[in-house]
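Numbering (this note's numbering), first residue to last: 319 to 535.
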């Protein structure tokens, strides 16, 4: 059973706070499940999260992230509705962050984030960007990193109430980072995350998220 311990660990934890959100673990005893861990499972899939925790090799897990899925979606929708073509800065939102500890040592971290991308669909054909991103279908691009740590996905989501150019000029960018994760598990987390968020956002035309990571061409 996964443990959530309460401890000082201030030196290690100080640099890990994400968006001012504190750990979802409480108390010095075993817990069936913290609310934040349940949120991670809602966004990333219960089996995926449990598998990811096992790969970190830690006995204690501290969880942070957006309190509820609808809060995350509401923030993204409001930002899209306010967006103008001149806006180049976008907030990165943490859907789930899990820091695993062995004693006071961090044994592994899994981090899932989403933001409105600075990359437009019109930029994807440029030689520089196409070396990193590859098109899966009309609404999805993926960018697996050469090193086994990070996988990214861009998905087109037209938000009702946003300006007409938003779908192509302001797509969603999802990212899952975790050095302990294998390629397939990292993709499963990313796919489930993107699917959960875009379904809750009510995109005018839902992006088609593939069930498996497309092979490199």
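Where is the CB? At the ideal position from N, CA and C, for every residue including glycine.
The model shown is predicted, which means the values in this text are computed figures rather than measured ones.
Assess contact between the stretch 377-386 and the stretch 349-363, defined as three or more Cβ pairs (one per stretch) separated by less than 8 Å. Is contact present? Touching, yes.
Identify, in the order they occur along the chain, each residue of the same chain with its Cβ nearer than 8 Å to the Cβ of residue 513, setting aside the five sequence neighbours on each side. Once the five neighbours on either side are set aside, the close Cβ partners of residue 513 are 527.
Among all the DSSP beta bridges, which residues are the ones paired with residue 472? Under DSSP, residue 472 forms a beta bridge with 459, 491.
Spatially closest choice to residue 390 from 498, 531, 490, by CA coordinates: Nearest of 498, 531, 490 to residue 390, Cα basis: 490.
Extract the residue ranges of the alpha helix (DSSP H) inside the stretch 380-419, only unbroken runs of 4 or more that lie entirely within it. Fully enclosed alpha helix (DSSP H) runs of no fewer than 4 residues occupy 387-400 of the stretch 380-419, in order along the chain.
Contacting residues, own chain, Cβ-Cβ under 6 Å from residue 488 (five flanking each side not counted): Cβ within range, chain order: 401, 434.
Closest residue to residue 483 among 427, 368, 403 (Cα-Cα distance): Between residue 483 and the set 427, 368, 403, the nearest pair of CA atoms involves 403.
Would you call residue 406 buried or exposed, if buried means 16 or more other Cβ atoms sit within 10 Å of its Cβ? By the C-beta density criterion, residue 406 is exposed, having fewer than 16 other C-beta atoms within 10 angstroms.
For residue 434, does the three-state DSSP call read helix, strand or coil? Strand.
Answer with buried or exposed for residue 284, where buried requires no fewer than 16 other C-beta atoms within 10 angstroms of its C-beta. In this structure the chain extends from 319 to 535, so residue 284 is not present and cannot be described.
Of the listed residues 498, 462, 443, 480, nearest to residue 492 (C-alpha basis): Cα-wise, what sits closest to residue 492 is 462.
Hey, could you find the ends of the alpha helix (DSSP H) residue 504 is sitting in? Looking at the DSSP string, the run of the alpha helix (DSSP H) that includes residue 504 is 501-519.
Verify whether the separation of the beta carbon atoms of residue 413 and residue 511 is less than 8 Å. Yes, these two residues count as a Cβ contact at 8 Å.
Could you please give the first and the last residue of the uninterrupted alpha helix (DSSP H) stretch that includes residue 447? Counting along the chain, residue 447 sits inside the alpha helix (DSSP H) bounded by residues 445-448.
So, does the CB of residue 518 fall closer than 8 Å to a CB anywhere in chain B? Here there is only one protein chain, and chain B is not present.
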